[in-house]
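As they're listed, the protein sequences go chains F and V.
Taken in order, the first sequence gives residues 1 to 535; the numbers are from my numbering.
Taken in order, the second sequence gives residues 1001 to 1527; the numbers are from my numbering.
We put the beta carbon where it would ideally sit given N, CA and C, even for glycine.
All remarks here apply to the structure that follows.
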Amino acid sequence: MALAFDEFGRQFIIIREQDQKSRLRGLDAQKSNISAGKAVARILRTSLGPKGMDKILQSPDGEVTITNDGATILEQMDVDNQIAKLMVELSRSQDYEIGDGTTGVVVMAGALLEQAEKLLERGIHPIRVAEGYELASRIAFEHLEHIAHKYEFGETNVESLIQTCMTTLSSKIVNRCKRSMAEIAVKAVLAVADLERKDVNLDLIKVEGKVGGKLEDTELIYGIMVDKDMSHPQMPKQIEDAKIAILTCPFEPPKPKTKHKVDIDSVEKFQTLRQQEQKYFDDMVQKCKDVGATLVICQWGFDDEANHLLMHRNLPAVRWVGGVELELIAIATGGRIVPRFQELTPEKLGKAGLVREKAFGTTKDRMIYIEHCANSRAVTIFIRGGNKMMIEETKRSLHDALCVARNLIRNNSIVYGGGSAEISCSLAVEAAADKYPGVEQYAIRAFADALDAIPMALAENSGLQPIETLSAVKAQQIKENNPCCGIDCNDVGTNDMREQNVFETLIGKQQQILLSTQVVKMILKIDDVISPSEY
Amino acid sequence: MATGSLFKDEATEEKGERARMASFIGAMAIADLVKTTLGPKGMDKILQSTGRGHSVTVTNDGATILKSLHIDNPAAKVLVDISKVQDDEVGDGTTSVVVLAGELLREAEKLVNVKIHPMTIISGYRMAAECARNALLEKVVDNKLDAEKFKDDLMKIAMTTLSSKILSQDKEHFAKLAVDAVMRLKGSTNLESIQIIKKPGGSLTDSFLDEGFILDKKIGVGQPKRIENAKILVANTAMDTDKVKIYGARVRVDSMAKVAEIEVAEKEKMREKVQKIINHGINCFVNRQLIYNFPEELFADAGVLAIEHADFDGIERLGLVTGGEIASTFDNPESVKLGHCKLIEEIMIGEDKLIHFSGVAMGQACTIVLRGASPHMLDEAERSLHDALCVLSQTVNDSRVLFGGGWPEMVMAKAVDELARKTPGKRSHAIEAFSRALIAIPTTIADNAGLDSAELIAQLRAEHHKEGSTAGIDVISGSVGDMSELGISEAFKVKQAVLLSATEAAEMILRVDEIITCAPRRREDRM
C-alpha cells in the first residue's frame, strides 16, 4: 500500500518501516474513531443533570480529585487516544468560551457520532453526513434564537440572574446551599461588571479557599484577601484608613542588570560601603514614610534589617505577595504599582478602609483582609468547607456560576433548561428535514435523534424511564405548542420549566450545538489513522 | 474491532457498582482501622515509619494515625483529609469524625443494595444532619456568664478529652494544667504562646506549668548565671561578620598586610555593633542567629547574658512574653522597646540545664514542662495535651457545652428518628439510617470498653425517651450513668464539626459512580 513506483518503475516507500506502524483505513478507521468518541461521552453521560453522579480521578501522583465538572474530568483523565483528545479539547473550548455546559457538549458530540455510525453502515458517504449535520445545526441554532426569551434585570432586580446560576449549581455538590452560592456569584459579578459595555472581567474576582468551617460560611468580601501575614510578628494586626504603597522592588540595595564588580581593597572603602548600605535601607523606609504610606505591600522579600526598620518606624508590611494579587490590590485600592522607590508619590498610594489579619483554626494560618477599598471593583469569594476536595470542587462550581452570570450580562437571552430546549430543537429539525432533497435528509433526521440524547440522559440519571418520559414530553410540547416542557428531574410535579425556574443561557446552548457539530464533522472526515506501533 | 485503548497502559477505570463498592470499602476500612481507638478504653496503635531508622510512634490520636498511612484508595483519602481538617480546626474529635463518616457509608451501602438512589440517600442525610444539629443546639448549656461554672466546664471538657489518651491516669493533674494555661490566654486562640517542653525522665505527674518562660538553651561561658530585673533585647541579626549586601561587591587585596587590615576593620565593626547593642542598657541579649566567639566574649566582658540560636518560634514567643520587640538594627537605642523580666536563672530539669525567665511583663504566655519515662510517651503526651489545649481554647471562644459519653449522639439520634417518622417518601429510610450511624458511636465506645453494647444501648435509648435525660455510658462502672453527675462534658463546637464534616465527606463519596486512576508517573531509572 505504501509502496509507489516512480517513472522508471523503481519502487520506493512512502511510509517507512511499514510493519512497525499500525494503520487503519476507510470505514474501519471511522468506526474506530467513532467508538473512541462514544466511549468518552459515555463516561460523562452519568454526570449530567441535577441527579448526575461525580467521578473520582486519581492523578499520576496519587492526588485525588472529586468532581462533576465535565471539563475537569476530561482534563484529569489523561487520555491516550487521539480522538478522545479531540473530545477533551472540545470540552475545554466550551469551558473557555462559556464556562458552563462542558458535560453537555461532549454528550451531544457522542450522540451525533453514534447516529453517524448507523448512517455510515447504510453506505452514506461521511462527507454527506457531515454536510447534513451542518445544515441541521444551523436550523437548531436559529430555532434556539426563536424560542429564547429576553430576560430583563437591573442592579436591583437580580432574581433572574440568581435563578440561572442556581440551575448551573444544582448539578454540583454545592447544591445544598445553592441559593446562597448563586447569590454570592451574582453579587460578585455585578460588583465587577461594566453594565454599559456589557462586559465582565472575571479576573477581578478572586476565589480563595481555606479548609475548615462549613460550606455555609462561604462569603463574599468586597475587597481583597491575601494568604500572607505581616512580615514582622509584632506589627499591628489591624490598620484603619490604610494608605498602601504597592511595590515591586525589593527592600534591598539595587542590583543593576549590567555585570559589575565593586572592589574593596582598603579599610576606608570597606567602611564607606557599610555606611552606604545602611543608608540605602534607611532611605527606602524613609521614602515610604514620606509619602504617607501606612502599609507596604511588596512583591519581594526583605532583609531582616529592613524588616526591623519598618517595624521600628511603625510601618507594617506584607512581603512575598504574588503578582496577580498585587494587581488586584492595586485595582481595588486605586493605587499604582510602583517599581522604584524614587517614583513613590502620595497619589500613587492605594486606599483601603480597613486592613486586618485574621487567624483560622488551631494552626497558625493567617490571612490578610483588605476591605472597604476606594474602588470596590475587585472582590474575593472566600470558600470554607470540610475538606480540600470539597473546596476545590466548590471553586470549580462557582467558576461555572460566575461564567453563567457573565454570559447573561453580555447577552440576556435565555432558554429553558431541563432538556426542553433540546427537545424543541429536535422537533424543529425533524420537521425541517423533510424539506431537503437528497441524502442529507437522513443526516438531518439523525441530528434530530441525537438532540434527544441529552434529555434522555437527564431522565436516565434521575431514575425515570427514559424513553417513556421523553416521548411523553415530546408529545406534550407538540400538543401545547410549548417549548418549555422538559424533564422533571427533581420530581417537583410539573414539567414546565418556566414554573420550575430552570434556565440556561442562550449563547451557552448555541455554542454547545455548534462546537459539537464541528468536532463531529472533523472526526467523520478522517479516514486513515496511522500511529506508530508500540516499540 | 481495533479501537485501541482510551487511556494509557496502566490506567484503570472502575464504573458504577464496582466504583461505589471500591470507595465504600476503602472508606469503611479506614473507619474500622481507627475505630478501636475511640473512647476512654480505646487502644493505641504503633506506627513504624518506612524512612531511615524506622522510627516508632505510639499513639491514640486519629489524625496522627491517618496522617502516617500511605493510602491508595481515593475514598479513603477523603476520610484522611477530613480528619486532618478536624485537627486543624478544632483539634479534637479526629477519630469520631472518621468513624461517623464510615458508619454513614456503611448504612448507605445497605440502602444502595436495596436499590435506593444515592441522590435520595444524600438528600435524606442532609435533612438528618440539619435536624441533628438543631437538636444539639436546643440542648447546649452556656455558662459564659458565670466564671466559676465556666471554669468548671472547661475542667470537665479537658478531663473528658484526656481520658481517652495516655494521660488518663493523671488526667486531673493535666486537665488543671491545660485549663490554667488556656485561661491565661484570655480568649485568644493563639496556642503559640503556650510552650511545651519535653524532658525524658521522672514520671508524668512531675510535669508542671510554669508561669514564666523557659528557653531550652545554655548560657554562654563566663556570663552571669542569674540576673535580677533583667532588661532583655530580643534580636534577629547576624552576629558573625555582617554580610555585604551590595550586589557585586567583593574584597580584593594585594598583600597580606591588607588582609590583616581588613580583618581588623571587620573586628572593629563587630565591636561597634556589640557596643551599640550594649548601649541599649541591657543585661540580657537573645539572638535568633548564631553568636560567634568573639562577640560572645565581648558580651561576657560587659556582663551581658548572651543567648544564641534561639529558634524562630522561641524568639517570637520571647518577644511576646517579655513585651520587647524583635530588633535587627541597633542605631536608635532610645526607641527600641526592651523586654523586661524579674529574674533570669539557670534551672535544672532532670539532667538538662535550661534558662528560666520568671516574673515576665505579659501574663499570656506560659510553659508546660512534660516529664515522662520515654520519648514515645512524651510525644504522645504532647499530642494529647495539644488536643486538650485546642479544644479548650476553642471553647473559650464558643462557650457552648454538651454532655459527653454518647449523650449527644443519643439526643441527635432521637431527634433524627422522629424526623424519619414524619418524612414521607424514600428519604425516610436514609434518615433512619443516619440515626443508626449516630448510635454506632456510643456502641463503639461500649464495645471498646469490653461492655455488652447491645444491652447498654437499649437501656440508654429507653433512658433517653424521657424528656431532659442526661444519661450516657459510664465506661468505668460499665452501666448507664448520669453524665451531669459524672462530670463528662464535650465542647459543642467539636461535636458540630464532627457532624457536619462527616456528613459532607459521606455525601461526597456517595455521589461518586466512577473512579479513573491515571497511570502512575514513571520514575526514571537513575543508574
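Since I believe residue j is in contact with residue i (beta carbons under 8 angstroms), could you give me their beta-carbon distance rounded to a whole number of angstroms?
{"i": "L1543 (chain V)", "j": "M1239 (chain V)", "result": "This structure cannot speak to residue 1543 (chain V), because chain V is shown only from 1001 to 1527."}
{"i": "A1075 (chain V)", "j": "S1023 (chain V)", "result": "3 angstroms"}
{"i": "R1020 (chain V)", "j": "V1498 (chain V)", "result": "In fact, because the Cβ distance is near 24 angstroms, the residues do not count as touching under 8 angstroms."}
{"i": "I1473 (chain V)", "j": "I1445 (chain V)", "result": "6 angstroms"}
{"i": "L375 (chain F)", "j": "G334 (chain F)", "result": "Reading off the sequence shown, one finds Asn at residue 375 (chain F), where the question assumed Leu. Right, their Cβ atoms sit about 5 angstroms apart."}
{"i": "I1326 (chain V)", "j": "V1234 (chain V)", "result": "5 angstroms"}
Residues of chain V with CB under 7 angstroms from residue i, in chain order?
{"i": "M390 (chain F)", "result": "E1504, M1508"}
{"i": "E219 (chain F)", "result": "Chain V residues near E219 (chain F): none, gap ~17 angstroms exceeds 7 angstroms."}
{"i": "K214 (chain F)", "result": "L1500"}
{"i": "L309 (chain F)", "result": "T1329"}
{"i": "E460 (chain F)", "result": "Per Cβ cutoff of 7 angstroms: no residues; E460 (chain F) is ~12 angstroms from chain V at best."}
{"i": "E305 (chain F)", "result": "S1328, T1329"}
Specify the secondary structure class of residue i as computed by DSSP and reduced to three states.
{"i": "Y416 (chain F)", "result": "strand"}
{"i": "K175 (chain F)", "result": "According to the sequence provided, residue 175 (chain F) is Asn. The question's Lys does not apply to it. In this structure, N175 (chain F) counts as helix in the three-state DSSP scheme."}
{"i": "S1399 (chain V)", "result": "coil"}
{"i": "N314 (chain F)", "result": "coil"}
{"i": "K259 (chain F)", "result": "coil"}
{"i": "A1063 (chain V)", "result": "helix"}
{"i": "A148 (chain F)", "result": "coil"}
{"i": "L1338 (chain V)", "result": "coil"}
{"i": "V1179 (chain V)", "result": "helix"}
{"i": "M390 (chain F)", "result": "helix"}
{"i": "V64 (chain F)", "result": "strand"}
{"i": "P50 (chain F)", "result": "coil"}
{"i": "M1001 (chain V)", "result": "Note that M1001 (chain V) scores a pLDDT of 36, beneath 50, so its modelled location is shaky; the value from the coordinates is reported in the next line. Looking at M1001 (chain V) - three-state DSSP - the assignment turns out to be coil, as it is neither helix nor strand."}
{"i": "R410 (chain F)", "result": "helix"}
{"i": "H1356 (chain V)", "result": "strand"}
{"i": "P466 (chain F)", "result": "helix"}
{"i": "M1527 (chain V)", "result": "Note that M1527 (chain V) has pLDDT 46, beneath the 50 cutoff, so the model's placement of it is unreliable and the number below is only indicative. M1527 (chain V) falls in the coil class under three-state DSSP."}
{"i": "E1013 (chain V)", "result": "strand"}
{"i": "V1253 (chain V)", "result": "coil"}
{"i": "R340 (chain F)", "result": "coil"}
{"i": "T103 (chain F)", "result": "helix"}
{"i": "Y222 (chain F)", "result": "coil"}
Chain V partners of residue i, CB-CB under 8 angstroms?
{"i": "V107 (chain F)", "result": "Result: empty, since nearest Cβ-Cβ is about 15 angstroms, beyond 8 angstroms."}
For a contact defined as C-beta to C-beta under 7 angstroms, what are the partners of residue i on chain F?
{"i": "P1074 (chain V)", "result": "I56, Q58, V64"}
{"i": "I1030 (chain V)", "result": "Under the 7 angstroms cutoff, chain F gives no residues; its nearest Cβ is about 13 angstroms from I1030 (chain V)."}
{"i": "E1325 (chain V)", "result": "Q234, M311"}
{"i": "P1295 (chain V)", "result": "Within 7 angstroms Cβ-Cβ: nothing; P1295 (chain V) doesn't reach chain F, min ~17 angstroms."}
{"i": "I1082 (chain V)", "result": "G386, N387"}
{"i": "A1265 (chain V)", "result": "V267, F270, Q271"}
{"i": "A1011 (chain V)", "result": "D78"}
Going along chain F in order, which residues have a C-beta closer than 9 angstroms to the C-beta of residue i?
{"i": "G973 (chain V)", "result": "Nothing in the structure corresponds to residue 973 (chain V), since chain V is present only between 1001 and 1527."}
{"i": "I1516 (chain V)", "result": "I43, K55, I56, L57, Q58, I73, Q76, M77, D78"}
{"i": "F1007 (chain V)", "result": "M77, D78, V79, D80, N81, A84"}
Just to make sure I have the definition right: I need the residues of chain F whose C-beta is within less than 8 angstroms of the C-beta of residue i. Which are they?
{"i": "D1254 (chain V)", "result": "D265"}
{"i": "A1519 (chain V)", "result": "P60, D78"}
Which chain A residues sit within Cβ distance under 8 angstroms of residue i?
{"i": "D1379 (chain V)", "result": "This model lacks chain A altogether, as its protein chains are F and V."}
Determine, using beta-carbon pairs with one atom in the stretch 445-464 of chain F and one in the stretch 414-426 of chain F, whether at least three such pairs fall under 8 angstroms. yes
Members of the stretch 244-275 of chain F that neighbour chain V once the beta carbon cut-off is set at 8 angstroms: E252, P253, P254, K255, P256, K259, H260, K261, V262, D263, I264, D265, S266, V267, F270, Q271, L273, R274
Where the stretch 44-68 of chain F meets chain V: residues whose CB sits under 7 angstroms from a CB there: Within the stretch 44-68 of chain F, the qualifying residues are T46, K51, M53, D54, K55, I56, L57, Q58, S59, P60, D61, V64, I66.
Using a Cβ cut-off of 8 angstroms, which residues of the stretch 1114-1141 of chain V contact any Cβ in chain F, in chain order? Along the stretch 1114-1141 of chain V, the positions whose C-beta sits under 8 angstroms from a C-beta of chain F are H1117, P1118, M1119, R1126, read in chain order.
Along the stretch 171-183 of chain F, what residues have a CB closer than 8 angstroms to any CB found in chain V? I173, R176
Check distances from the C-beta atoms of the stretch 1089-1109 of chain V to those of chain F and list, in chain order, the residues that come in under 8 angstroms. Using a CB distance below 8 angstroms, the part of the stretch 1089-1109 of chain V facing chain F consists of E1089, V1090, G1091, ordered along the chain.
Are there three or more Cβ pairs, one per stretch, closer than 8 angstroms when the stretch 150-169 of chain F is compared with the stretch 197-204 of chain F? no
Counting beta carbon pairs with one atom in the stretch 1052-1067 of chain V and one in the stretch 1376-1385 of chain V, are three or more of them shorter than 8 angstroms? yes
When you check each C-beta in the stretch 507-530 of chain F against every C-beta of chain V, which residues fall closer than 7 angstroms? none
Segment contact, 8 angstroms Cβ cut-off, at least three pairs: the stretch 1335-1355 of chain V with the stretch 1212-1229 of chain V: yes
Indicate whether the contact test is met: 3 or more Cβ pairs, each with one atom in the stretch 380-397 of chain F and one in the stretch 264-272 of chain F, closer than 8 angstroms. no
When you check each C-beta in the stretch 432-465 of chain F against every C-beta of chain V, which residues fall closer than 7 angstroms? So the close ones are G463.
At least 3 beta-carbon pairs within less than 8 angstroms: the stretch 34-46 of chain F vs the stretch 101-110 of chain F: yes
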